[in-house]
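Per numbering that gives the first Met the number 0, the very first residue in the sequence shown carries number 0; after that it's consecutive.
We treat Cβ as the ideally placed atom computed from N, Cα and C, and that holds for glycine.
A quick note: this is a predicted structure, and the numbers were derived from the prediction, not measured.
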Amino acid sequence: MTRISSKNFSRKNDENAPPGQVVTDKFPVLTFGSTPSIDLTDWKFSVTGSVSKRMEFDYQTFLGLGEITLSSEFHCVTQWSNLNNTWSGIPFKTLFNQIQISQEAKFAMIHCYGGYTTNVSLDVLLDDDVIFATKHNGEKLTPDHGAPLRLIVPKRYAWKSAKWVNGIEFMEEDAPGFWEMRGYHMEGDPLKEQRFDSDI
0 MTRISSKNFS
10 RKNDENAPPG
20 QVVTDKFPVL
30 TFGSTPSIDL
40 TDWKFSVTGS
50 VSKRMEFDYQ
60 TFLGLGEITL
70 SSEFHCVTQW
80 SNLNNTWSGI
90 PFKTLFNQIQ
100 ISQEAKFAMI
110 HCYGGYTTNV
120 SLDVLLDDDV
130 IFATKHNGEK
140 LTPDHGAPLR
150 LIVPKRYAWK
160 SAKWVNGIEF
170 MEEDAPGFWE
180 MRGYHMEGDP
190 LKEQRFDSDI
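So this is what it looks like as structure tokens:
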């Protein structure tokens with residue numbers, strides 16, 4: 000088991016969290032819409048977009064890419080932060096190393112059961128602490144927290160940490176996902192308080 004820490008994520012205030020955040024040891028459930036019912040025997044993860052070859056994984060094959068455990072912070076746009084989280088799953092870099100993408104691809108759209116999407120730049124996804132998580136704090140994810148697979152992007156607000164992930168689409172140009180189309184910031188950096196598209 001490999002452990003990676005993202006404790007080098009700079010802190011900006013006396014609460015040891017990004018500006019405007021309140022630290023909590025709780026992990027609230029916030030979801031738009033209903034929680035999907037997902038049968039693992041039917042679960043598929045698709046790789047599409049600006050790639051040389053489309054790929055598809057079933058659940059066991061995806062897990063077979065190699066799981067690790069890492070620790071990171073979690074910052075919700077609704078102004079709470081949990082600074083002590085352990086996640087187990089597949090590092091984004093591990094999946095990325097299986098894929099041949101176009102040199103022009105600089106962004107990705109994350110696709111999820113239920114139709115949710117969110118955009119993340121490739122530079123951010125390639126951080127060592129970005130993971131497709133199956134467990135949180137040693138326990139399997141529950142459906143309301145994103146089971147069977149949740150993308151965790153610690154250095155972005157949590158709407159980028161998409162639940163119920165079932166695919167990634169590589170893109171040459173950035174495009175808005177579900178919340179970005181509804182006024183949320185395209186990048187969502189907590190250190191810059193990029194909550195909404197009007198925030199610099």
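How should GLY200 be labelled, buried or exposed, when 16 other C-beta atoms within 10 angstroms of its C-beta is the threshold for buried? Here the chain has residues from 0 to 199 only, and residue 200 is not among them.
Is PHE131 near ILE89, with beta carbons less than 8 Å apart? yes
Applying the criterion that 16 or more other CB atoms from any shown protein chain within 10 Å of the CB defines a buried residue, is LYS43 buried or exposed? exposed
Kindly list the residues whose CB is nearer than 6 Å to the CB of SER80, restricted to its own chain and excluding five residues on each side of it in sequence; keep chain order. ALA16, GLN20, VAL22, HIS74
Is the distance from the Cβ of ASN118 to the Cβ of ASP173 below 8 Å? yes
I need the straight-line Cα distance from PHE106 to VAL76, nearest angstrom please. 21 Å
Three-way DSSP call (helix, strand, coil) for SER123 in this model: Note on identity: in this sequence residue 123 is Val, with Ser being the wrong assignment. Looking at VAL123 - three-state DSSP - the assignment turns out to be helix.
Starting from the C-beta of PHE91, find all residues in its chain whose C-beta is less than 6 Å away, skip the five residues before and the five after it, and write them out in chain order. LEU124, VAL129
In the DSSP assignment, the alpha helix (DSSP H) including THR93 goes from what residue to what residue? 91–95
Ignoring anything shorter than 3 residues or poking outside the segment 95–181, list the beta strand (DSSP E) runs there in chain order. 106–111, 116–120, 130–135, 149–151, 164–170
With 16 other Cβ atoms within 10 Å as the buried cut-off, status of VAL28: exposed
Between the Cα of ILE67 and those of THR133, GLY48, THR40, spot the shortest distance and give me the residue it belongs to. THR133
Rounding to the nearest angstrom, what Cα-Cα distance links LYS11 and LYS159 in this structure? Model confidence at LYS11 stands at a pLDDT of 43, short of 50, so the residue's coordinates are unreliable and nothing is read from them.
Beta-carbon separation of MET180 and GLY48 under 8 Å? no
TRP178 versus HIS110: straight-line alpha-carbon distance, rounded: 13 Å
Using a 10 Å radius around the Cβ and a threshold of 16 neighbouring Cβ atoms, would you call PRO18 buried or exposed? exposed
Give the range of the beta strand (DSSP E) segment to which THR47 is assigned. 43–48
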